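Following this note's numbering, the numbering of the sequence shown begins with 4 at its first residue and continues without gaps.
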Amino acid sequence: MMGFLSKLFGTQTKEENNMTNEKLNIGIILGSTRQGRVSPQVGEWVKGIADKRGDANYEIVDIADFNLPFLGTTDGSEPGIADWNGKLANLDGFVFIVQEYNHSITGALKNALDFAREAWNNKAAGIVSYGSTGGARAAEHLRGICGELMIADVRVHPTLSLFTDFENGTDFKPQDLHLNNVNAMLDQVIAWSGALKTLR
Ligand SMILES: Cc1cc2nc3c(=O)[nH]c(=O)nc-3n(C[C@H](O)[C@H](O)[C@H](O)COP(=O)(O)O)c2cc1C
Numbered sequence: 004m005m006g007f008l009s010k011l012f013g014t015q016t017k018e019e020n021n022m023t024n025e026k027l028n029i030g031i032i033l034g035s036t037r038q039g040r041v042s043p044q045v046g047e048w049v050k051g052i053a054d055k056r057g058d059a060n061y062e063i064v065d066i067a068d069f070n071l072p073f074l075g076t077t078d079g080s081e082p083g084i085a086d087w088n089g090k091l092a093n094l095d096g097f098v099f100i101v102q103e104y105n106h107s108i109t110g111a112l113k114n115a116l117d118f119a120r121e122a123w124n125n126k127a128a129g130i131v132s133y134g135s136t137g138g139a140r141a142a143e144h145l146r147g148i149c150g151e152l153m154i155a156d157v158r159v160h161p162t163l164s165l166f167t168d169f170e171n172g173t174d175f176k177p178q179d180l181h182l183n184n185v186n187a188m189l190d191q192v193i194a195w196s197g198a199l200k201t202l203r
């Protein structure tokens, strides 16, 4: 009753806001910006699985759309920098689509991670990676970065093989076995994103 009245009169506390039934906003972040990249195929596949759940608002967030400069090489006035921070601020959690470049994440993803701080903090993230060994080495590097940015990265981690989940390394044809893993990863992202929202 109190919650209803405070909502009616616009005096809702932060805690009450967090307990309402608003859906979480989860960004599926494409980690590569290279011409000819396969990450949009992987991101759309994850989004297709996620949308069927109906438990959150899922959206693709493409780093390439923000035209971020290389950190520190400009005066920081490019609108894409503010837009990037604004987009992240509106998200409650993330799924990183991670590709392995020289045993780590792409320079583009690292640059984009470095371009925000508070907008990452106290949120959860899942990782879907790909590469010759499932992108595992890149994903483990990303976990270290998540610690510094106070992003809680969940345990379940779908790993896609360039050899068995792609044809010719370019046409994404995921094996069925990944479906359960993606859903288990999303279960954890949703649970932790909701829990961490109460801290912000
Ligand atoms: C510069 C560069 C370095 C790469 N290094 C690795 C690597 O260390 N390990 C690996 O498994 N794949 C590596 N690859 C292969 C990529 O994982 C593969 O091309 C993948 O499709 C890249 O993702 P994208 O198409 O979304 O950009 C590399 C590719 C590039 C362009």
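Heads up, the beta-carbon is just placed ideally off N, CA and C, and yes, glycines get one too.
All values derive from a computational prediction rather than experimental measurement.
Three-state class that DSSP yields for Asp204 in the structure shown: The chain is shown from 4 up to 203; residue 204 falls before or after that span and cannot be answered.
For Phe97 versus Gly30, is the C-beta spacing smaller than 8 Å? On the sequence shown, residue 97 is found 94 positions in, with the first residue counted as 1. On the sequence shown, residue 30 is found 27 positions in, with the first residue counted as 1. It is a contact, given that the beta carbons lie within the stated cut-off.
Beta-ladder partner(s) of Ser132, from DSSP: Taking the first residue of the sequence shown as position 1, residue 132 is located at position 129. Ser132 pairs with Val101, Thr162.
Start and end residues, beta strand (DSSP E) containing Ala59: What you label residue 59 is simply residue 56 of the sequence shown in a count that begins at 1. Taken as a continuous stretch (DSSP letters only), the beta strand (DSSP E) holding Ala59 covers 59-65.
Between which residues of its own chain and Glu116 is the CB-CB distance below 7 Å, once the five residues before and five after are set aside? What you label residue 116 is simply residue 113 of the sequence shown in a count that begins at 1. Glu is not the amino acid found at residue 116; the sequence shown has Leu there. Hits under 7 Å: Ile148, Leu152.
Keeping to the same chain, check which residues put their C-beta closer than 8 Å to that of Thr167; ignore five residues upstream and five downstream. Translated into positions along the sequence shown, residue 167 becomes position 164. If we look at Thr167 and ignore the five residues flanking it on each side, its Cβ neighbours are Gln178.
If you drop the 5 nearest sequence neighbours on each side, which residues of the same chain put their C-beta closer than 7 Å to that of Asn114? On the sequence shown, position 111 is the one that residue 114 refers to. Excluding sequence neighbours, Asn114 sits near Leu71, Phe73, Leu74.
Per-residue burial, Thr36 [other beta carbons within 10 Å of its own, 16 or more giving buried]: Within the sequence shown, residue 36 is the residue found at index 33, counting from 1. Thr36 comes out buried.
Which residues in the same chain have their Cβ closer than 6 Å to the Cβ of Ala122, if we skip the five residues on either side of it in sequence? In the sequence shown, residue 122 corresponds to position 119, counting from 1. Cβ within range, chain order: Asn88, Leu91, Ala92.
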